[in-house]
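Number of protein chains: 2
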Amino acid sequence: MKTNERPTYSQIAIHAGVSEATVSRVLNGDLKVHPERASRVHAAVEALGYKKNRAATALASGRTGLIAVVIDDDLSVFADPFWATVSSGISRVLLENELQTLLMVASVDKADGPVAHYLEGGEVDGAIFFQLHKHALVRRLSKQGLPVVIAGSPNSNSELIFADTDNFGGAAQATRHLLSLGCQNVATITGDVEASAGLQRLNGYQQAHREVGKIASKALILQGDYTFESGMRLTAQVLETNPEIDGIFAANDLMALGAIRAIEESGRSVPQDVKVVGFDDSVMATNSKPSLTTIRQDIVGLGAAVAELMIASLNGEIVTPRILKTELVIRESA
Amino acid sequence: MKTNERPTYSQIAIHAGVSEATVSRVLNGDLKVHPERASRVHAAVEALGYKKNRAATALASGRTGLIAVVIDDDLSVFADPFWATVSSGISRVLLENELQTLLMVASVDKADGPVAHYLEGGEVDGAIFFQLHKHALVRRLSKQGLPVVIAGSPNSNSELIFADTDNFGGAAQATRHLLSLGCQNVATITGDVEASAGLQRLNGYQQAHREVGKIASKALILQGDYTFESGMRLTAQVLETNPEIDGIFAANDLMALGAIRAIEESGRSVPQDVKVVGFDDSVMATNSKPSLTTIRQDIVGLGAAVAELMIASLNGEIVTPRILKTELVIRESA
DNA sequence: CTGAAAGCGCTTACAG
DNA sequence: CTGAAAGCGCTTACAG
C-alpha cells in the first residue's frame, strides 16, 4: 500500500512475456521452465529492480524466511560477549541463505508465555535456543514439527539437534597440559555444573586424570559460578586446606584470573608455584599478568555451525549434532 | 498451508456473530465498534486461542511489525558486550510493543549491498543502526521515509534521531574527579576520535580543564584505540616524556587497565603517584587491582531509549535525541 | 457503527 | 513445460 511503486509479478510477467506462474517458478528455481523464458524473466527482474515481497510469499507459501534466536531474558546471558558472538555467526550464515534472524530476548520460563505463543504461531520457520535450562517448551515445539537447534548441549541426552564446543575435550586438553608440566595436584574450579558446559568441563578434567592413572580428589573440585570473585575465594580457601596444590584448571578465564590473584596474595607465584589454565581465551587472557594459558573455542564457528544445522533441517536433511574442536593456547600462566 | 488448523477471522466472526471487518476493527483497537460486540469478539478470540497471522497482516496493511537492528559486519563490534547489551534492551522493549527485532549482521559498506536492498524493500517498518560510520545509506533510507534511529551519536550534526550515553558529560565527570583530587597534570588516552563517542570523551576531558581555568596540554592527549595494549604503550611513553603526570583519564576501562600496568612497571603506584579513571564500568573494573574508578553508563537503558524513540517515530510523534546520564563510580584507582 | 467486497502479492494444484 | 484461477488471512475504502 505504501510502496506500490515497487514492481510485482504482474509487471515482470508482462515485461518477460510470460505468465505470473512462470515468473514464480523461475524465481523459485523450478528447473522445468524453458531456459530461454527463464532468462527473459531474469532479465525483467534485473531491468525492473524487482524484489520479492516477503509477506506475500509467506502468506501464500506458509514459509516466513524467519528464524527465531531465542535468548532467555537473563541479563547475564546476553551481556556475555560469548552469546553475542555466536549470534553474529548465526545471523551471517542465515543471511547468506536468504533467511532472516529474529532476535527474541524474553523470558522463556512459562511454557505459555509470549515467546511460546509466538513460536507456535507459525511466524517463524525454525527456532534456535541458547543455553537451555528448561526443555519443556523446546521439546514441545520440536514435537510440533518446528525445526529446533540448540546452541550448546542439552542437559540430558535427547533427540534435540545441537552444536557445541567440545567442552569435555577442551577441559581434558587443559588438564593434560598441567599434568604434562609435572603438576602433581591439580585442582579445578568448575562453572555451573547444573548446565552441560560446566559439567562437561569437569568431566574432561577428571578424564585427563584417569588417562594417567590418577583419580582427582574430591577436595580439589571446587564449585565456582564463573565469576572472578568465586575463582579468587575458592582458590584462597583450597590453598589453606590443600597447600600441596600446584596446578589449577578453571572453567573460564575470569575464574582463572581470580585464582591467580588469590595465589599471589597467598605469597605464591604463578606459574612457578602454581600453574593456572583458563577456558575461553577472552580479552583479558592476553593482557593479564601473567598472561593466561587457556582453551580457545571457535565462537563464530559455533554460530555458523548452528545456522548450518538449521538450514539442513529446513531442507529436510537428517542432521546430527556438531562438536567443535578447541585449541590450547599456551601463555605464561602454565 | 501447513498450519491450517489455526483459527482465522472467519471462525472468530462466526463465533462472535459479527463480520470479519468488525473482527479486524476490534483487534486493531477501533473504538467505534459497539462495546458489546467488541467483547463478543474478544471472547471468541480467547475461546479459540486465536493469534493473528503476521504475514497476512503485513500483506494487507503494509506494516510488517519488524524492526531491523543493523550491525556492521565488523567482528569487533558485536563481540563487544556493549552492543549485545544494547541489543537486548532494544529487543525487550520492542517485544513489549508487539514488534519483532530483526538482527542483521552484515556489511553495510556498499550502499547497494544486500542490507540496503533489504531495508529498501519495505520488509521492515523501521531500522536501527549501531555505531555508524557511513551516513550515505542511513540518510537515504531516512529520506525515503523509513523511520531510522541511531544507537550512539551520528558524527556530524544531522537531523537523524539518536539516543546515546552522555559521553561528553561522563568524560567531564571523570576528569573533574581527578582534578578535584588535586591532580595537576591529567593526561587522557582517547578512543577512536574519528567516531563521535571518542571525540566527545576527549571534549569532556577538555571541558573539565576549562572549568577550572586550565588548558589541557596537547602533549597530554594520547590517541589510543580502546585496546589494553594501546593504553599500556601510550602511558609508558608519556611517563617518559612527561614524568609530572599525576592523573590519567582513559576513554575505556581496558585502556585504563593498560595504563595502570604501565604506571606500575615504571615504578610508580596507583593511586598514590598517578590516579586513573576509566569509562564503562566493565567486569574487570571491579576485579582489577587496584579496582578501577570509572564512569558507568546505563547500557540496557540505552537500548530501551533507542527502542522507545523508534516506537515514537512509528507513531508519527516528533522525537528528539535522548542523552543518557552517566555515573561516576569511585573505587581504588582514583 | 457495520458489512460486502475488493485487494495486498505471492504460490500451487489443476488441466492441458 | 505453461497458464488460468483459486486461495493464503488479513485490511480498508465504500456504501449504508
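In order, the protein sequences belong to chains X and R. Take the first sequence: its letter number 15 is residue 10 in the numbering used here, and every next letter is one higher. Take the second sequence: its letter number 260 is residue 255 in the numbering used here, and every next letter is one higher. Every residue, glycine too, gets a C-beta built ideally from N, C-alpha and C.
Counting along the chain, X:T170 sits inside no beta strand (DSSP E); it lies in the alpha helix (DSSP H) bounded by residues N162 to S175. Straight-line spacing of the CA atoms in X:S261 and X:T230 works out to 10 Å.
With fewer than 16 other Cβ atoms inside 10 Å of its own Cβ, R:S175 counts as exposed. Residues of chain R whose Cβ lies closer than 9 Å to the Cβ of X:D68 are, in chain order, S83 and R87. Interface criterion met: the Cβ of X:L90 is under 8 Å from a Cβ in chain R. Membership of X:V40 in the alpha helix (DSSP H) is indicated by the continuous run P30 to L43. Distance between R:Q232 and R:R171, taken at the CA atoms: about 24 Å. R:T236 counts as exposed, since fewer than 16 other C-beta atoms from the protein chains shown sit within 10 angstroms of its C-beta. By the neighbour-count definition (other C-beta atoms within 10 Å, threshold 16), R:R205 is an exposed residue.
Looking at the DSSP output, R:V272 shares a beta bridge with R:F244 and R:T288. Here R:A307 is not near R:G84, since their CB atoms are 8 Å or more apart. Looking from the CA of R:I145, the closest CA among R:F163, R:Q126 and R:T160 belongs to R:Q126. In this structure, R:P2 sits near R:L43, with a CB-CB distance shorter than 8 Å. Excluding five sequence positions before and after R:A39, the CB atoms of its chain that fall closer than 6 Å to its own CB belong to I7, H10 and A11, given in chain order. Look at X:N282: its C-beta is under 8 Å from a C-beta on chain R. At a cut-off of 8 Å, the C-beta of X:R1 has a neighbouring C-beta in chain R. The stretch 188 to 195 of chain R and the stretch 249 to 269 of chain R do not touch, with fewer than 3 CB-CB distances between them shorter than 8 Å.
Listed in chain order, the non-local C-beta contacts of R:G242 below 6 Å within the same chain comprise L173, C178, V181 and K270, local neighbours out to five positions each way being set aside.
If you draw a straight line from the Cα of X:Q95 to the Cα of X:L304, it comes to about 15 Å. Looking at the DSSP output, X:D159 sits in a beta bridge with X:I318.
Taking 8 Å as the CB threshold, R:H112 lines the interface with chain X.
Excluding its 5 nearest sequence neighbours in each direction, R:A111 has C-beta neighbours in its own chain below 6 Å: L132, listed in chain order. With three or more CB-CB distances shorter than 8 Å, the stretch 246 to 256 of chain R counts as touching the stretch 274 to 282 of chain R. Taking a 10 Å sphere around the C-beta of R:N282, we find 16 or more other C-beta atoms and assign the residue as buried. The beta-carbon of X:F223 is placed less than 8 Å from the nearest beta-carbon of chain R.
Checking the DSSP bridge columns, you'll see X:G121 partnered with X:I62. Judged by DSSP in its simplified three-state form, R:T3 adopts coil rather than helix or strand. As a beta-bridge residue in DSSP terms, X:T185 pairs with X:Q218. Assignment of X:V88 by DSSP, reduced to helix, strand and coil, places it in the helix class. At a beta-carbon threshold of 7 Å, the residues of chain R lying near X:Q95 are L97, ordered along the chain.
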